[in-house]
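Per numbering that gives the first Met the number 0, the sequence shown runs over residues 0 to 568.
What follows is a single structure, written as C-alpha cells, with notes after it.
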Amino acid sequence: MKIETIRHSLAHIMAYAVQELYPGTKFGIGPTIENGFYYDFDLPKSLAPTELPKIEAKMKELIKKNIKFEKKIISKKEAKKIFKNQSYKLELIAELPEKKVSIYQSGKFVDLCKGPHVKSSKEIPADAFKLTKIAGAYWRGSEKNPQLTRIYGVAFKTKKELENYLSKEQEAEQRDHRLLGQKLELFLFDEEIGAGLPLWLPKGAVLRKIIENFLYQELTKQGYKWLWSPHIGNLNLWKKSGHWDFYKENLYSPIQIDNEQYLLKPMNCPFHVKVYNYKIRSYRELPLYLAELGTVYRYERSGVLHGLTRVRGFTQDDAHVICAPDQTAREIEKLVKYGLNILKTFGFKDYDIYLATRPPKYTGSLKDWQKAENSLKYVLKKLKLKYQPDPGGGVFYGPKIDIKIKDSLDRPWQCTTIQFDFNLPERFKMVYINQKGKKCKPYMIHRALLGSIERFIGVLLEHYAGSLPLWLAPVQVWIIPIGTRHEKYAQSVKKELSSLRVEVKEENETVSKKVREGEIQKIPYLLVVGDKEMKSKSVRVRERGKGDIGMMKLTKFIEKLKIEIEKKK
Ligand SMILES: [Zn+2]
Ligand SMILES: [Zn+2]
C-alpha cells in the first residue's frame with residue numbers, strides 16, 4: 000500500500016467527518032501533499048483550531064467502522080444529480096472532458112474522484128495521522144472566488160513515524176532563525192524598509208563582522224587580494240557581461256541617471272574583470288585571486304522571500320580565480336578542499352555535493368562545456384568525494400560544483416559554489432602574456448564559500464538553535480554582580496576580560512532573573528560575583544547548557560575561554 004493512497008483516503012474520511020459534524024458543508028477538493036493531505040471546505044460556520052481534535056476523533060470513529068471505498072463510473076447526468084447541492088463539485092463536473100465520471104462512495108460520503116483508495120478504512124492506521132492546521136484558501140487559488148477553509152493533516156504508516164515527524168517539526172519551529180533573530184536581537188525586517196531587505200541590529204552586526212573578519216584573515220593568508228566595487232554600474236556593462244540577457248527577470252529595473260541607465264549590481268564579476276584588465280598581466284601573476292564581500296541585489300518574488308535565507312539584498316563572500324588553462328584542475332581541487340574545510344570550522348561536517356551541467360540556455364562552445372565538465376568530474380573523483388549529477392543545473396556561462404551543507408536536523412542548504420566560466424574572459428577580452436611572450440586567454444572560476452553571509456547566518460542560527468559557539472557568540476560573557484557593592488569588582492573583571500565580548504548586568508533585578516534572562520539570550524558564560532568571589536579574585540561560572548560549574552580563579556577562567564575560542568567549538 001502506497002502511503003499516498005492512505006493519505007488521500009484520509010482526506011475523504013476527513014470530509015466525511017466534516018459532513019457529519021457540520022451539515023450543510025460544501026466540498027472543494029482534497030489532494031495529498033508532502034507528508035499528508037488537505038481538504039477545502041465551504042463551512043456553514045467559521046472553524047477554530049480547537050475544533051480539530053473533535054474532527055480527528057470523528058475520523059477515528061469512522062475508521063473503526065470499516066467503511067468501504069467503492070468506485071463507481073457513472074454518467075455526467077447522474078453525477079450532477081448526486082452533487083446537486085455541491086456547487087464546487089458541479090463546476091468540476093462541467094469541466095471534465097470525459098462523458099463518464101468516476102466517484103467514490105464511502106459510507107454516507109460520496110466524492111468525485113479517480114482514486115486510488117484503500118478498499119476499506121480498516122487499512123488506515125488510525126494512530127498515525129494528525130490534523131495540523133486551518134488556513135484560508137481561495138477556491139481554485141483565485142482571489143475572485145470565495146474563500147474556503149482548508150484543513151491540513153499529516154499521515155504516516157506508523158505511529159512512530161508520525162511522532163518522529165511531529166517532534167522534528169517542533170524542533171524546527173524552535174530553531175526558526177526568524178524568531179531567533181528577534182529573540183536574540185540580531186536583525187529585523189521592516190515593511191517601511193522593504194521586503195527581503197534585512198536590517199542588522201548591533202548584536203547581529205557583530206556576528207557578521209566576526210564572520211567577515213574570519214574570512215578576511217583566512218583568505219589573505221591564502222594569497223587573495225581584496226577588492227571593493229560600487230553597488231551600481233552602467234547598464235552597458237551588464238549587457239556586455241551577458242547578465243542583462245540571461246538574468247533579466249532576476250534584476251531590479253534600471254535607474255535613469257543623466258542620459259544613462261544604471262543597474263543595481265546582481266553580481267560582482269564584471270568589476271573584478273575590470274580589475275584584472277586594467278593592466279597587462281603576465282603568466283607569473285597567475286593564478287590571481289580576487290576577493291570581495293560584495294553586496295548584490297536580485298529580484299525575488301515576494302512569495303519566496305524567507306527570513307535571511309531568501310532575501311533581495313545580500314552579501315556574497317565572492318572571489319574569482321583567474322588562471323592559465325593548465326592550472327584550472329589544480330585550482331578547483333584547492334577550492335573544493337578549502338571550501339569543505341571552512342564549512343567544517345563553522346561546525347558543518349555533513350554535506351551533499353552536486354555537479355551541475357549545461358543548461359538549455361547557455362553560451363560558449365559545446366567543446367568547452369565538455370572539457371570543463373570533465374575537469375570538474377576529475378577533481379571530485381580525485382578527492383574521492385561522492386557527488387550527484389544535476390543535469391542542466393549549470394549557469395549560462397559554465398558548469399559548477401555546488402556544496403549543500405546539512406544542518407543538525409539534516410536539512411540541506413546551498414552554500415559553496417564553484418563555477419567555471421568561459422564567457423567573461425571571451426566577452427571582456429581578458430589576456431595574459433605567456434612564457435613565450437604570446438597573448439593567451441585565461442580561465443576564470445567564480446566561487447563563493449559561504450554563499451551569502453545573510454543566508455549563512457540564518458543557517459548557523461538554525462543549526463545551533465541560536466546557541467552559537469563561543470567564538471561566534473556576539474556576547475560571550477555576562478557578569479552579574481549580586482549586590483551594588485559588587486559592581487566595582489564586576490567592572491574590574493570586565494577589564495580583565497577585555498579581549499572578550501562582555502557585558503556587566505547592573506540592572507536592578509534579582510540575580511536569578513538575570514540568570515534566566517542570560518539563558519534565554521543563550522549567552523555562553525554567566526559569571527556571578529559576590530563577596531566570596533571578590534575576596535578570592537574569582538568568579539562563579541554558569542556555562543550554557545551545563546549550569547553552575549563552580550567557582551574559578553579569574554586567571555583560570557580566562558585560560559579556559561582562550562582554549563575554547565582557539566578550538567572554535
Ligand atoms: Zn479520492
Ligand atoms: Zn563571479
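Here a beta-carbon is modelled for each residue, glycine too, at the ideal position from N, C-alpha and C.
Given the structure is predicted, the values throughout are model-derived calculations rather than measurements.
Checklist line | residue 8 CB to nearest heavy atom of ligand 1 below 8 angstroms | finding: yes
Next item on the list: With residue 454 as the anchor, note down where its alpha helix (DSSP H) starts and where it stops.
Entry: 452–462
Check: What alpha helix (DSSP H) runs, 4 residues minimum, are completely inside the stretch 459–532?
Finding: 486–495, 510–519
Notebook entry, point to check: If residue 444 sits next to residue 417, beta carbons under 8 angstroms apart, how far is it from one beta carbon to the other, in whole angstroms?
Noted result: 6 angstroms
Next item on the list: Return the residue from the list 336, 429, 487, 169 that minimises the CA-CA distance to residue 478.
Entry: 487
Check: Shortest alpha-carbon distance to residue 155 belongs to which of 170, 127, 142, 167?
Finding: 127
Notebook entry, point to check: Who's in the neighbourhood of ligand 2, going by beta-carbon under 5 angstroms from any heavy atom, listed in chain order?
Noted result: 268, 445
Item checked: Bridge-paired residues (DSSP) for residue 309 -> 305
Notebook entry, point to check: How about residue 341 and residue 378: do their beta carbons lie closer than 9 angstroms?
Noted result: no
Checklist line | Rounded distance between the beta-carbons of residue 105 and residue 68, thought under 8 angstroms | finding: 5 angstroms
Notebook entry, point to check: Who are the near neighbours of residue 455 in its chain, counting only those whose CB is closer than 6 angstroms to its CB and skipping five residues on each side?
Noted result: 449
Check: Under three-state DSSP, which class holds residue 230?
Finding: coil
Next item on the list: Evaluate residue 190 with the Cβ neighbour count: other Cβ atoms within 10 Å of its Cβ, from every protein chain shown; 16 or more gives buried, anything less gives exposed.
Entry: exposed
Check: Exposed or buried, which one is residue 117 when buried takes at least 16 other CB atoms within 10 Å?
Finding: buried
Notebook entry, point to check: Which partner residues of residue 101 appear in the DSSP bridge assignment?
Noted result: 72
Margin query: So, for residue 86: in the same chain, excluding its five sequence neighbours on each side, which residues have a beta-carbon less than 7 angstroms away from its beta-carbon?
Written below: 25
Margin query: Is the beta carbon of residue 275 closer than 9 angstroms to that of residue 289?
Written below: yes
Margin query: I'd like to confirm the pairing. Which residues does DSSP put opposite residue 537 in its beta bridges?
Written below: 552
Checklist line | Residue ranges of each alpha helix (DSSP H) within the stretch 323–389, 4 or longer | finding: 327–344, 365–381
Notebook entry, point to check: Quick one: what does DSSP say residue 192 is sitting in, helix, strand or coil?
Noted result: coil
Margin query: My output table needs one value for residue 0: the three-state DSSP class, helix, strand or coil.
Written below: coil
Checklist line | Where the alpha helix (DSSP H) through residue 54 begins and ends | finding: 51–63
Notebook entry, point to check: Going by alpha carbons, who is nearest to residue 272 out of 427, 359, 293?
Noted result: 427
Next item on the list: Assign residue 315 to one of two classes, buried (16 or more other C-beta atoms within 10 Å of its C-beta) or exposed (fewer than that).
Entry: buried
Next item on the list: Round the Cβ separation of residue 388 and residue 356 to the nearest angstrom and send it over; I've been treating them as touching at under 8 angstroms.
Entry: 7 angstroms
Margin query: Can you determine whether any heavy atom of ligand 1 sits closer than 8 angstroms to the C-beta of residue 37, and answer yes or no?
Written below: no
Next item on the list: Count the other C-beta atoms from every protein chain shown that fall within 10 angstroms of the C-beta of residue 58, then say buried if there are 16 or more, exposed otherwise.
Entry: buried
Notebook entry, point to check: Would you report the Cα separation of residue 343 and residue 259, rounded to the nearest angstrom?
Noted result: 46 angstroms
Next item on the list: With a threshold of 8 angstroms, establish whether the CB of residue 15 neighbours any heavy atom of ligand 1.
Entry: no
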